[in-house]
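Asks: Please read through the structure below; I'll follow up with questions.
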Amino acid sequence: MGNPSLDKAAGDGDHESPKKQDNAWRSSYRDVMAIAEFRSMWLAHALSVIGVNLLNITSSVLVYQLTDSAFAAGITLAVMFLPPILAGPLFSGLADILPRRQMMVACDLIRAAVIVLVGIPGIPIWAVWALLFVSILPSIPFAAARAALLSQIVQGERYVASTAIIQLTAQIGMLLGLIAGGVIVTFVSPNITLMSTGVLFVLSALIVRFGVRARPAPAREKTGEKGPGLLAMTRDGAKLVFRDPKLRVLALLAWLAGLYSIPYGLANPMADEAGAGPAAAGFIMAGQSIGALVGGFVLTRLIAPPTRTRLLGPLAVLTCVPLLLWVFPMPLWMMITALTLCGAAGSYQFVANAAFVLCVPKEGRGLAFGLVASGLQAAQGVGILLSSYFVELTSTSTVIVGAGLLALLSAIALAIPWSRMSREVIERMEATESEAAS
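Heads up: the sequence shown runs through residues 1 to 438, numbered per the numbering used here.
Shown next as structure tokens:
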């Protein structure tokens with residue numbers, strides 16, 4: 001797989017040997033981190049992820065303390081995943097109409113303002129839910145703009161490396177946000193913690209504003225003509241994703257997380273059953289991130305690109321297996337260990353994410369990524385909402401095992417077609433290297 005120099009234009013007469021090309025992916029992490037724009041986006045993303053997860057754990061603990069209801073705590077987390085159902089496809093299309101850097105800055109500032117309102121003491125639970133819902137809406141065009149902007153800054157295997165770094169950072173950010181949040185709210189009021197979280201989004205906006213180069217809106221880059229409307233783009237984007245078998249399978253592999261991440265939404269009742277408190281809930285919510293951090297590094301740093309792409313199906317199947325361990329009574333440490341194993345295999349999402357974006361025609365990358373990212377959040381939100389409801393009727397172990405079985409069957413159904421189409425996806429990802437060099 002080729003890896004043209006960051007500083008040399010294509011056709012300057014220098015060509016890498018086949019052996020160097022085959023091993024160029026090993027230096028992709030270093031190449032990406034040498035790009036100043038990427039470093040700015042990386043740091044801003046880290047702050048945003050810490051902020052989001054502080055918001056998640058703190059708001060769920062606040063509502064759980066006020067209501068003593070697993071269902072209410074589940075609703076609190078679900079409303080932070082459900083906005084994409086209503087607004088995801090529409091808002092994600094903005095990334096293919098408006099300048100992407102400006103959009104990212106505006107989205108972070110809007111989130112900061114709304115999160116401060118969530119922390120106001122004494123507001124009713126319904127208002128907390130409404131504000132949390134609104135606080136997530138800007139993240140939809142933000143994620144689509146970031147993915148599309150990254151594909152302009154880096155291409156090919158370096159794009160895979162860039163998304164791996166971003167997602168590994170996300171796992172670290174989740175660990176810091178969830179664990180720190182669980183500990184902080186043990187000693188500090190959840191309201192104060194919530195209001196302080198807005199500062200992280202302001203810092204993220206400033207870093208993007210001054211660290212990333214401004215680029216024109218995609219629809220004006222070539223022709224200067226006005227692009228199609230959002231509704232038309234949403235319709236065309238859905239056709240683009242679901243009529244292509246490769247993109248459809250990759251999208252469904254991403255949405256599988258809606259089933260295997262269900263323990264995330266049950267962290268508070270799980271901690272209660274283990275006789276622990278908010279800090280334990282933070283560790284339960286962070287369990288899959290711990291595994292993803294290790295698994296993602298191994299998958300993207302130590303395994304060659306073609307092999308890791310072919311492994312997407314088998315890893316998706318393995319991701320679901322640890323949830324079946326809940327048929328047995330487990331202490332807290334064993335729960336976290338099982339979730340860590342689940343997260344390690346679930347790091348296939350790092351590669352699936354990059355493969356999806358690189359297989360989409362570049363003119364529709366923002367919208368296509370936004371559609372899939374929105375669907376993922378919606379799947380997770382519905383999963384959390386339904387699982388927290390059924391926990392009120394049965395038990396956490398029954399719900400988790402049921403989700404694990406359904407996820408396992410779904411993963412097997414996706415792994416079979418993936419085994420046939422992975423070679424074509426590998427060839428398409430390799431082709432982006434040639435496109436970048438030409």
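Think of the CB as a built atom: it goes at the ideal place given N, C-alpha and C, for glycine as much as any other residue.
Could you compute how far the alpha carbon of ILE426 sits from the alpha carbon of PRO417?
Replies: Answer to the nearest angstrom: the Cα atoms are 15 Å apart.
Asks: For the region 273-291 and the region 168-180, state whether three or more C-beta atom pairs, one from each stretch, are separated by less than 8 Å.
Replies: These segments touch.
Asks: Would a C-beta distance cut-off of 8 Å place LEU299 and PHE369 closer than the cut-off?
Replies: Result no, Cβ atoms of LEU299 and PHE369 do not sit closer than 8 Å.
Asks: Look at the Cβ atom of SER422, then the Cβ atom of ARG310, and state whether they are nearer than 8 Å.
Replies: Yes, these two residues count as a Cβ contact at 8 Å.
Asks: For ALA113, which residues in the same chain have their Cβ closer than 8 Å to its Cβ, ignoring the five residues on either side in sequence?
Replies: Cβ within range, chain order: GLY198.
Asks: Cutting at 7 Å between CB atoms, please list the residues of its own chain near GLU424, excluding the five before and the five after it.
Replies: Result list for GLU424: LYS246, in chain order.
Asks: Would you kindly work out how many angstroms separate the C-alpha atoms of LEU332 and ALA274, rounded to a whole number?
Replies: Those two C-alpha atoms are separated by around 6 Å.
Asks: By Cβ distance, which residues of its chain are closer than 6 Å to THR76, with the 5 residues on each side in sequence left out?
Replies: So the qualifying residues of the chain are SER59, SER60, VAL63.
Asks: Given a cut-off of 8 Å on the beta-carbon distance, is the pair VAL79 and TRP42 in contact?
Replies: In this structure, TRP42 does not lie closer than 8 Å to VAL79 by Cβ.
Asks: Taking the straight line between their C-alpha atoms, what separation do you get for PHE328 and ALA44?
Replies: If I take the Cα positions, the gap works out to 42 Å.
Asks: Can you give me the Cβ contacts of SER419 inside the same chain, cut-off strictly under 7 Å, excluding the 5 residues immediately before and after it?
Replies: For SER419, where only same-chain residues beyond five positions count, the Cβ hits under 7 Å are GLY313.
Asks: Is ALA276 helix, strand or coil when you go by DSSP?
Replies: Coil.
Asks: Based on Cα-Cα distance, which residue from VAL118, MET104, GLN152, LEU98 lies nearest to LEU55?
Replies: Cα-wise, what sits closest to LEU55 is VAL118.
Asks: By the DSSP assignment, the alpha helix (DSSP H) with SER189 in it spans what residues?
Replies: Here SER189 belongs to no alpha helix (DSSP H), and DSSP marks it neither H nor E.
Asks: Using C-beta distances below 8 Å, list every residue in its chain close to PRO216, excluding the 5 sequence neighbours before and after it, in chain order.
Replies: The residues are PRO99.
Asks: Put ILE97 into one of helix, strand or coil per three-state DSSP.
Replies: DSSP places ILE97 in coil when its eight states are reduced to three.
Asks: Rounded to whole angstroms, what is the Cα-Cα separation between PHE356 and PRO305?
Replies: Near 14 Å, if we compare the C-alpha coordinates of PRO305 and PHE356.
Asks: How many Å lie between GLY265 and VAL382 at the Cα?
Replies: When rounded, the distance between both Cα atoms is 10 Å.
Asks: Is the beta carbon of LEU414 sitting closer than 8 Å to the one on LEU252?
Replies: In contact: LEU414 and LEU252 (Cβ atoms closer than 8 Å).
Asks: Round the Cβ separation of PRO121 and ASN191 to the nearest angstrom and send it over; I've been treating them as touching at under 8 Å.
Replies: Confirmed, about 5 Å.
Asks: Given GLY295, which residues of its chain have a CB within under 6 Å of its CB, disregarding the five upstream and five downstream residues?
Replies: If we look at GLY295 and ignore the five residues flanking it on each side, its Cβ neighbours are ALA344, SER347.
Asks: What would DSSP say about THR394, mapped onto helix, strand or coil?
Replies: Three-state DSSP puts THR394 in coil, outside helix and strand.
Asks: Is it true that the CB of VAL202 sits closer than 8 Å to the CB of ILE282?
Replies: According to the sequence displayed, residue 282 carries Gly and not Ile. Taking 8 Å as the Cβ cut-off, GLY282 and VAL202 do not qualify as a contacting pair.
Asks: Which runs of the alpha helix (DSSP H) at least 4 residues long sit entirely within the region 102-155? Give them in chain order.
Replies: Qualifying alpha helix (DSSP H) stretches, in chain order: 125-136, 139-153.
Asks: Looking only at its own chain, which residues have a Cβ that is under 8 Å from the Cβ of VAL317, when we skip the five neighbours before and after it?
Replies: Only LEU408, ALA411, ILE412, ALA415 meet the Cβ criterion.
Asks: Run through DSSP, which three-state label would VAL298 get?
Replies: Helix.
Asks: Check LEU6 in the structure and name its three-state DSSP category.
Replies: Because LEU6 sits at a pLDDT of 30, beneath the cut-off of 50, its placement in the model cannot be relied upon, and the point is left open.
Asks: Out of curiosity, what's the CA-to-CA distance linking LEU47 and VAL208?
Replies: Spanning the two alpha carbons is a distance of roughly 11 Å.
Asks: Assuming THR307 and CYS342 make a contact with CB atoms under 8 Å, what is their CB distance in whole Å?
Replies: Not quite, the Cβ-Cβ distance comes to about 22 Å (not below 8 Å), so this is no contact.
Asks: From this set, PHE91, ILE35, ILE140, which residue's C-alpha is nearest VAL154's C-alpha?
Replies: Checked all of PHE91, ILE35, ILE140; the closest Cα to VAL154 is ILE35.
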